[in-house]
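Protein sequences appear in the order of chains A and B.
Note that this note's numbering numbers the first sequence so that position 114 is 140, with each residue one more than the last.
Note that this note's numbering numbers the second sequence so that position 283 is 1216, with each residue one more than the last.
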Amino acid sequence: MNLNRIISPKIAQRIMKGLFWASGIITILILLVIIGYILYKGLPVVNMSFIFSNPIDSGRSGGIFPFIISSLYVTFIAILVATPLGVGAAVYLAEYAGEGTIVKLIRFGAETLASIPSIVFGLFGLAFFVVYLGLGWCVLSGGLILALMALPTILQVSEVSLEAVPKSYREGSLAIGATKWQTIYQVVLPAGIPGITTGVILGLARAISEAAAILFAVGAALSVPISIFDPARPLPLHLYIIATEGISLDNAYGTAAVLVILVLIITVVTNTLVERYSRKMMGR
Amino acid sequence: MTKYEEFLVEKGLFITAILSIIVILLIIGFIFREGFPAMESYGFLNFIFGMTWSPSDDQYGVFTMIVASIGITLLSLLFAVPLSLLCAIFLAEIAPKTMRRIMKPVIETLAGIPSVVYGFFGLIILVPFMRVHFGGTGFSMLSASLILTVMILPTIISISEDAIKSVPYEYKEASLALGATHWQTIKNVLFPAAIPGIITAVILGMGRAVGETLAVIMVAGNVAQIPNSIFDPVRALTSNIALEMGYATGLHYNALFATGIVLFIMIIILLVIANYIHYKKKVVIGGGYL
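Structure (C-alpha cells):
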C-alpha cells in the first residue's frame, strides 16, 4: 500500500483507533439527540390528564386515552395469537424436525415473513382480513396482522432458547419413563421459559410500534374500542395522523414521548431478563 | 398419555411450524390476486417503465418510484455502511467493557424506536434544517436517506459485529504474532474473513430501507418524479401505497396492490442473495478463506 510509505503503521493504528471511538460516540449521540429532543418537548405535555382523558376536537387538545387502550388491545390480540403459534413452531423445529428440506423451507419461510415490508402486510391485511374474511376495520383485523408480524420473532428467539436447554435434561426425563411430549411439556419448555419470554417481548415490541401495517385495517376511531369488532387507533397511527395533518404539534410531542418511554421500558425489561437468564445458564 | 395422543401433538406442532409458509403463500396469493389485474390491463411494461403516475387520468407508471426507492436506499447505505462498520469493529475489537455495556442498549433502543417517531423527528428537526441550509422545501431524497440511515444502523451494526466476532481467534493471533498492528490485523485479516457476514448485514439493512414506509412519507416530499438532485422531493414505492390506499377504488386500487408486488419482488431478490451469501459464508470460513 502506498499509504504505508506516508503514514507509518503505528500512526495509522492511532488514527483508526480515534475513528473507531468517534463512530461509537456518534452512534450514542444520535440516540441521545433523538430521544432527548422528543422527551424534552414531549414530557411537559405528558401528565395524568393527558394519559387518562379523551381527545378533544380530533386530537387538537385533550388526551390520548383511547389510543393507549387501542395500542394495548391490538398488541394483546397479536401476542395472544402469535405466542402459541410461534412457540409451537419452535418446539417442532427444535425437538421433532431433523435437518430435512421441510425444515429449511420453514426457516426460510420465517425469515421471509420477518423481512416482508410492513406496508405489504398492510395490503394483505386489507385484502384478506378486512375484505375477504369480512372482518372490517377493527381491532381484530389489526391484531391479526400484527400477530403475523410478531410470529417470526417469537419463533426464532424461542427456537434458539429451546436448543440451548441442555441435552441431559431431556435424557433424564426420558430415562425415568416420560414420553417425548411429557418431556417437552414438563422439562424442556419450563427450562426455556426465560428465552421464550424474551422472544414474546421482542414480538410485542414490534407489534406495539407498528403503524404502516395496520393503516388500512384498524380504522381511525377517536373513541375507546370495547369489542374486538370496534375500530381503533393505536398510538403510532395517531402520531402519524396528527403529525402529517398538522393537527396539534404539542399532542404529537406528547404521543411520541409516550412511545419512546414504552420502548425504553421494553429495552430495560428484556435486558434484565436476558442478563438474569444468561447468569443462570452460566452458573450451571 | 397414549401413543395416539403423542402422534396428534406432533402433527399439531407441525401445523404451527408450516404456518409461516402458509402465510407467505397467502400473502403472495392475495397481493397478486388484487394487483395482477392492474398489471395486465395497463400492460406490464407500461406499468414498470411508465413515467407518469396520475390516477385521475388512469396513468399508472411506477418507474419514478422504483428509481426513488433504489436511490433513497443506496444513498442511505452510503452514510450507514461506513459508520456502522466502524461501529461494529469498535464493538467487536476496540471498545472496553464499560463502553460495550453502554452501546448494547443504545443500539437496541435505536432498533426499537417506532418508525413513526423517526419520521416525526425528521419532520420537526431535519426538514426545517435542510430547508434553511440547502434551500427548497426541505422535503427531499436526502432527508429520507438521512432518517433511514439512523434506522438501518442497528441492523448493520449488530449483524456485522457478530460476523467479526465469529472469525476464529487463531487468525487474529497469527497476524499479531507476525508483528502486524491491531489495525493491520483488522484491515487485512478480520475484515476480509468477516466479509460474507458483513454483506448479509448490508443486504438486510437494504431490505429495511426499501420497505420503510411512514418515516419516508413524512420527510421525502412524495412527488412522483425522477429527482435531478438529492435535494429534490421523491416518492418511494411504499409511500405510494400508504398515501393513496385510503381512497383508491377500481383500477387505482389494483394498481396500488401491483405496486406492492414490485416491492415484494425487490425484497425477495434481496433475501435470496442474502441466503446465498449466508450459505457460502459457512463453506468459506470452514474451508479456510485466508
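The C-beta atom is built at its ideal place from N, Cα and C for all residues, glycine as well.
Quick caveat: nothing in here was measured; it's all calculated off a predicted structure.
Could you give the first and the last residue of the continuous alpha helix (DSSP H) run that contains residue i?
i: residue 201(A); result: 193 to 201
i: residue 164(A); result: That residue, residue 164(A), is in no alpha helix (DSSP H); it is neither H nor E in DSSP.
i: residue 270(A); result: 261 to 270
i: residue 208(A); result: 206 to 209
i: residue 1155(B); result: Looking at the DSSP string, residue 1155(B) is not in any alpha helix (DSSP H), and its letter there is neither H nor E.
i: residue 154(A); result: Where residue 154(A) is concerned, there is no enclosing alpha helix (DSSP H), given that its DSSP letter is neither H nor E.
i: residue 939(B); result: 936 to 975
i: residue 224(A); result: 215 to 234
i: residue 99(A); result: 91 to 117
i: residue 1145(B); result: Taken as a continuous stretch (DSSP letters only), residue 1145(B) belongs to no alpha helix (DSSP H), as it is neither H nor E.
i: residue 1036(B); result: 1030 to 1045
i: residue 1118(B); result: 1115 to 1118
i: residue 1107(B); result: 1102 to 1110
i: residue 1051(B); result: 1048 to 1054
i: residue 1064(B); result: 1060 to 1067
Given that residue i touches chain B, what residues does it touch there, using C-beta distances under 7 Å?
i: residue 118(A); result: 946, 947, 949 and 950
i: residue 278(A); result: 1053
i: residue 49(A); result: 1016, 1019, 1020 and 1023
i: residue 42(A); result: 1116
i: residue 39(A); result: 1114, 1115 and 1116
i: residue 285(A); result: 1047 and 1050
Buried or exposed for residue i, please, with buried defined as at least 16 other CB atoms from any protein chain shown within 10 angstroms of its CB.
i: residue 1218(B); result: At residue 1218(B), the pLDDT of 35 sits below 50, so the modelled position is not reliable; the number obtained from the coordinates is stated separately. The residue is buried, with at least 16 neighbouring Cβ atoms inside 10 Å.
i: residue 1110(B); result: exposed
i: residue 937(B); result: exposed
i: residue 962(B); result: exposed
i: residue 257(A); result: buried
i: residue 298(A); result: exposed
i: residue 74(A); result: exposed
i: residue 1118(B); result: buried
i: residue 1172(B); result: buried
i: residue 973(B); result: exposed
i: residue 1209(B); result: exposed
i: residue 98(A); result: exposed
i: residue 1065(B); result: exposed
i: residue 1161(B); result: exposed
Helix, strand or coil for residue i? Go by DSSP, reduced to three states.
i: residue 61(A); result: helix
i: residue 1180(B); result: coil
i: residue 1076(B); result: helix
i: residue 1009(B); result: helix
i: residue 128(A); result: helix
i: residue 82(A); result: strand
i: residue 50(A); result: helix
i: residue 244(A); result: coil
i: residue 1175(B); result: helix
i: residue 253(A); result: coil
i: residue 302(A); result: helix
i: residue 331(A); result: Since the first and last residues shown for chain A are 27 and 310, residue 331(A) lies out of range.
i: residue 274(A); result: coil
i: residue 135(A); result: helix
i: residue 1000(B); result: helix
i: residue 1205(B); result: helix
Would you kindly work out how many angstroms separate the C-alpha atoms of residue i and residue j, rounded to a whole number?
i: residue 1220(B); j: residue 1092(B); result: The pLDDT assigned to residue 1220(B) is 32, lower than 50, so where the model puts this residue is not dependable; a value taken from the coordinates is nonetheless given after this. Using only the alpha carbons, I get a separation of about 22 Å.
i: residue 959(B); j: residue 279(A); result: 38 Å
i: residue 1215(B); j: residue 78(A); result: At residue 1215(B) the pLDDT is 42, less than 50, meaning the model places this residue with poor confidence; the figure from the coordinates comes in the next sentence. Computed Cα separation, rounded: 53 Å.
i: residue 1179(B); j: residue 266(A); result: 14 Å
i: residue 1012(B); j: residue 976(B); result: 37 Å
i: residue 72(A); j: residue 1047(B); result: 18 Å
i: residue 1002(B); j: residue 992(B); result: 20 Å
i: residue 173(A); j: residue 218(A); result: 21 Å
i: residue 1185(B); j: residue 999(B); result: 18 Å
i: residue 1081(B); j: residue 83(A); result: 33 Å
i: residue 1272(B); j: residue 1051(B); result: Lying before the first or after the last residue shown, residue 1272(B) is absent from chain B, which here runs from 934 to 1223.
i: residue 154(A); j: residue 1187(B); result: 14 Å
i: residue 162(A); j: residue 133(A); result: 32 Å
i: residue 292(A); j: residue 139(A); result: 23 Å
i: residue 64(A); j: residue 995(B); result: 35 Å
i: residue 1223(B); j: residue 1018(B); result: Only weak support exists for where residue 1223(B) lies, its pLDDT of 26 falling under 50; the coordinates are left without a value.
i: residue 146(A); j: residue 1196(B); result: 8 Å
i: residue 1077(B); j: residue 1152(B); result: 6 Å
i: residue 1145(B); j: residue 1156(B); result: 17 Å
Which residues in chain A sit within 9 Å of residue i, going by Cβ to Cβ distance?
i: residue 1036(B); result: 50, 53 and 54
i: residue 1208(B); result: 134 and 137
i: residue 1151(B); result: 266, 269 and 270
Listing by chain order, which chain A residues have their CB less than 8 Å from the CB of residue i?
i: residue 1178(B); result: 148, 149, 152, 241 and 242
i: residue 1041(B); result: 293, 296 and 297
Report the neighbours of residue i on chain B: residues whose CB is nearer than 9 Å to its CB, in chain order.
i: residue 63(A); result: 1054, 1057 and 1058
So residue i contacts chain A; which residues on that side make the cut at Cβ distance below 7 Å?
i: residue 1138(B); result: Correct list: empty, because the minimum Cβ distance to chain A is about 11 Å.
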